[in-house]
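Number of protein chains: 2
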Amino acid sequence: MTLQFLAMRRDMLSMSKTLPRPVTAETTMFEIAQLAGVSESTVSRALSGSPLVNENTRNRILKIARSANYTVNINARNLRQKRTRTIEVLIPLAEYGRQHMSDPFYLDMLGVLADALSERHYDMLLTKRAPWAKGVETNSIQCGRADGIIIMSQGQDLEALRSFTDLYPQVVVWGGHLREDDYIVVGTDNVAGGKLATEHLMKIGRKRIAFLGDPAEPEIALRQEGYRKAFSDNGIAVDESLIFSAPFDAREARASAEKMLQSGVKFDAIFCASDVIAMSAITTLRNAGLEVPRDVSIVGYDDILIASSFGPSLTTVSQRIQDGGKTMVDLLLQRIEGKSVDTTLLPVELIVRESCGAQ
Amino acid sequence: MTLQFLAMRRDMLSMSKTLPRPVTAETTMFEIAQLAGVSESTVSRALSGSPLVNENTRNRILKIARSANYTVNINARNLRQKRTRTIEVLIPLAEYGRQHMSDPFYLDMLGVLADALSERHYDMLLTKRAPWAKGVETNSIQCGRADGIIIMSQGQDLEALRSFTDLYPQVVVWGGHLREDDYIVVGTDNVAGGKLATEHLMKIGRKRIAFLGDPAEPEIALRQEGYRKAFSDNGIAVDESLIFSAPFDAREARASAEKMLQSGVKFDAIFCASDVIAMSAITTLRNAGLEVPRDVSIVGYDDILIASSFGPSLTTVSQRIQDGGKTMVDLLLQRIEGKSVDTTLLPVELIVRESCGAQ
DNA sequence: CCTGTTTCTGCAACGGTTTTCATCGGCTAC
DNA sequence: GTAGCCGATGAAAACCGTTGCAGAAACAGG
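Listed in order, the protein sequences are those of chains A and B.
Taking the working numbering, the leading residue of the first sequence gets 1, the next gets one more, and so forth.
Taking the working numbering, the leading residue of the second sequence gets 1001, the next gets one more, and so forth.
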């Protein structure tokens, strides 16, 4: 029941602000050269740390530049050097009108990427729409806006992704490892992760372990594969009625968990394909009067920052967000330099916390 | 108890990828001009939709450009036009080593900003560090990387923010309205919001309403002010022991909520300064055997996307993330064009859901 | 003193667009 | 017939750095 009530519509209180003085890059290198009594070349070299310029001259120039509050014009530099020190990061971000994902995983990853990039003096361009989406006419690599792209999800259109990366190799993709793919992928070993999680639930004595997640996403499909593998490797048949793979995104997780309960299928554990799903499942179960982990053990996937402070804290398969982000940046920058680079499968680690019950 | 166990360290499986063919902006406008038998000027005009060029010529050029897979070089254009159609968005993003905020509010807002900007053909540069932070030598406006900046939090150093915006007026800040500030602020009326939330709790019969949130953040301080106002306006004295304002960020919210319980102070409702805090409070209370909303009513602030799908769904003061994001973009672009622009206080709305109890 | 090196600096040629100003042909109006 | 205008195009000047190459100055060795 989402009763809404509106209040205090003190109509958009406002205080007028003065017109801005137009502040832009005004000083040019020429002026600094004049002030220092040298040529522009020397100024350029001094500022870029070239060893060709005398120590004294450099210091003098630096001091003058600083006092004139001078900064090189990035666009002129990019034009000349044919590179931008900018990386595009493509994430399917939250959308308000239509339902769309808004998983904290992405925010955590963004933080790591921002750090890794700025450490290497790169800037980060953030985008929601793939260059192959319709309505997008060009891509940031071709038009010289970025030197490379990090794509944070393989998404639905694997074919488009594949042909794009065929054309533009300066791309690293986060996701699952699919045999056919030729682009660089970074991600955990989802099959191993799924197996690890499931086997842990077996080990602590759970008999009816359910799976919850949408296999339309390649990574999730692999995790489900790992789930199945855990059973077959242990000589147990998979009970298909325990696999709840109705398509849904994180926002609908709660509804899905409710559907699970209403299905009447009995279970004493759930391997959730993400931490967000796990948290939703937990609150839903509790609303239904079930106790986690007493009645049902829960394992998630991702190890997002809040996983450890949720109540109960989440047992989860770590996506090694930190390592993953750093690795993506490393590989991409190397590839941009033209080096040969390897697709990377991050090792998988289970973080055991409260939500699956003490062992 | 965070027992960790490592498994399946199949050491970084790897498949070597071929060296990338260097794909960059190769075709230039000159070549297109040659092919079309016209001058570069005409090509430029044709592509930018200038009315000065003949319809037939334009179509011919467009066709040629398309077939040559040509795209204008952004850097050359930016250099010439002295503007980039890029906006920097500054957000204090999640940090792994040290605790830091990782509030879904920011991800939701990023989604809205991305939409609003791309609708106007602007790109978005994402940053974590303020230009006035030490170690940062320049800012994106001065060096010509962006036309303006959206700052997503006033942060701790109000003085630095103030002097930066004094120098560079092409800035819009999300946050609370502080009398002394001269920069453009967009945000909800935090005082009204705090009052609204608190009064709602009074109205449904709660007697001991606690406040939970860190007033070091200007917005939170204003919400607390609203909380106090609700009492004084209704002729009730504020019980200071009900105000839990120990400094903490979202991750520590659970710990803070536990401290609240241990303090022994009795309360039957909490006004939480954000939805993340509210969710933490709810799980903590439940772990302690209390029922929400039966024993304690909870109201949050923000109305993030998952607020409605949490269990119980959150009663919360809407930050109008959608309106807010769009407004920030509108105002910033207007200001960049040199128009006079007004600081905006968004009207406040309470979304009543389960977590405060049926009215 | 002459030659050869080394060290530093300047000249000038880019880099790829946009935009102002001039040009030019054709058309209208008188 | 001529002045004036209009619509379309081109030439060239920015925009602001970087960098290859040449040259100068200083210095050492013979």
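Glycine included, C-beta positions come from ideal geometry on N, C-alpha and C.
If we define contact as Cβ-Cβ less than 7 Å, is L1062 of chain B a contact residue for chain A? no
By how many angstroms is the C-alpha of A210 of chain A removed from the C-alpha of F231 of chain A? 12 Å
Counting only runs of 3+ residues fully inside the region 1177-1249 of chain B, write out the beta strand (DSSP E) ranges in chain order. 1184-1188 and 1209-1212
Work out the CA separation of Q1034 of chain B and I1061 of chain B for me, nearest whole Å. 10 Å
How would you label F164 of chain A, buried or exposed, when you count the other beta carbons within 10 angstroms and need 16 or more for buried? buried
Here's the rule: buried if 16 or more other CB atoms are within 10 angstroms of the residue's CB, otherwise exposed. What is R254 of chain A? buried
Can you pull the chain A neighbours of V1112 of chain B, defined as C-beta to C-beta under 7 Å? Y96
Going by beta carbon distance, what residues of the same chain come within less than 8 Å of Y168 of chain A, once the five residues before and after it are set aside? Cβ-Cβ distances below 8 Å link Y168 of chain A to N139, I141, Q142 and I149 in the same chain, with the five nearest sequence neighbours on each side left out; the list follows chain order.
Which bits of chain B does M124 of chain A rub up against, with CB to CB less than 8 Å? L1125, L1126 and T1127
Which residues mark the beginning and the end of the beta strand (DSSP E) in which M152 of chain A is found? Taken as a continuous stretch (DSSP letters only), M152 of chain A belongs to no beta strand (DSSP E), as it is neither H nor E.
Which residue from A:R120, A:D147 and A:I243 puts its Cα closest to that of G338 of chain A? A:D147
Going by C-alpha to C-alpha distance, which of A:P347, A:R335, A:R353 and A:C356 sits closest to H177 of chain A? A:P347
Counting only runs that start and end within the region 91-138 of chain A, where is the beta strand (DSSP E) found for 3 or more residues in a row? Entirely contained in the region 91-138 of chain A, the beta strand (DSSP E) runs reaching 3 residues are, in chain order, 123-127.
Kindly give me the distance between the Cβ atoms of F1267 of chain B and R1208 of chain B, rounded to whole angstroms, as I take these residues to be in contact under 8 Å. 4 Å
Own chain residues within Cβ distance below 8 Å of A1025 of chain B, not counting five before or after: Note that A1025 of chain B scores a pLDDT of 47, beneath 50, so its modelled location is shaky and nothing firm can be said.
Helix, strand or coil for D323 of chain A, going by three-state DSSP, please let me know. helix
With respect to the alpha helix (DSSP H) encompassing L1158 of chain B, which residues constitute its N-terminal and C-terminal limits? In the DSSP annotation of this structure, the continuous segment of the alpha helix (DSSP H) that includes L1158 of chain B starts and ends at L1158 to L1167.
Are any of the Cβ atoms in chain A nearer than 7 Å to that of C1143 of chain B? C1143 of chain B counts as touching chain A.
Supposed close pair R223 of chain A, G213 of chain A - CB separation, criterion 8 Å: Sure, about 7 Å apart at Cβ, within 8 Å.
In three-state terms, what does DSSP make of S1355 of chain B? helix
From B:I1277, B:T1316, B:E1055 and B:L1345, pick the residue whose C-alpha is nearest to that of H1200 of chain B; which is it? The shortest C-alpha separation from H1200 of chain B is found at B:T1316.
DSSP three-state call for V1317 of chain B: helix, strand or coil? V1317 of chain B sits in a strand when the DSSP states are folded into three classes.
Closest Cβ-Cβ distance between S67 of chain A and chain B: below 7 Å? Taking CB atoms only, S67 of chain A has no neighbour in chain B less than 7 Å away.
Below 8 Å on the Cβ atoms is my guess for D1239 of chain B versus S1274 of chain B; work out the distance and round it to an integer in Å. About 22 Å; that fails the 8 Å criterion.
Where L1290 of chain B and M1152 of chain B are concerned, what is the direct C-alpha to C-alpha distance, given to the nearest angstrom? 35 Å
Sequence-distant residues of its chain with Cβ nearer than 6 Å to P22 of chain A (five each side left out): Interpretation of P22 of chain A is limited by its pLDDT of 43, a score under 50 that renders its predicted location unreliable; the figure taken from the coordinates is listed afterwards. Residues of the same chain with their beta carbon placed closer than 6 Å to that of P22 of chain A are lacking, with the five preceding and five following residues left out of the count.
DSSP state of A1253 of chain B mapped onto helix, strand, coil: If DSSP states are grouped into helix, strand and coil, A1253 of chain B belongs with the helices.
Is any beta-carbon of chain A found at less than 7 Å from that of I1074 of chain B? Yes, because at least one Cβ of chain A sits closer than 7 Å to the Cβ of I1074 of chain B.
Is L1346 of chain B helix, strand or coil when you go by DSSP? Residue state, collapsed to three classes: strand.
Below-7 Å beta-carbon distance, P20 of chain A vs any chain B residue: The predicted position of P20 of chain A is uncertain, since its pLDDT is 40 and thus under 50; no value can be drawn from it.
Per-residue DSSP class, three states only, for T86 of chain A: strand
Nearest-angstrom Cα separation, counted from I351 of chain A out to V292 of chain A: 17 Å
Within the 7 Å Cβ cut-off, does R320 of chain A reach chain B? no
Check this for me: beta carbons of L1126 of chain B and G1325 of chain B, under 7 Å apart or not? no
For my contact list, P104 of chain A and L1107 of chain B are in at a C-beta cut-off of 8 Å; report their separation, rounded to the angstrom. 7 Å
For V171 of chain A, name the three-state secondary structure that DSSP assigns. V171 of chain A falls in the strand class under three-state DSSP.
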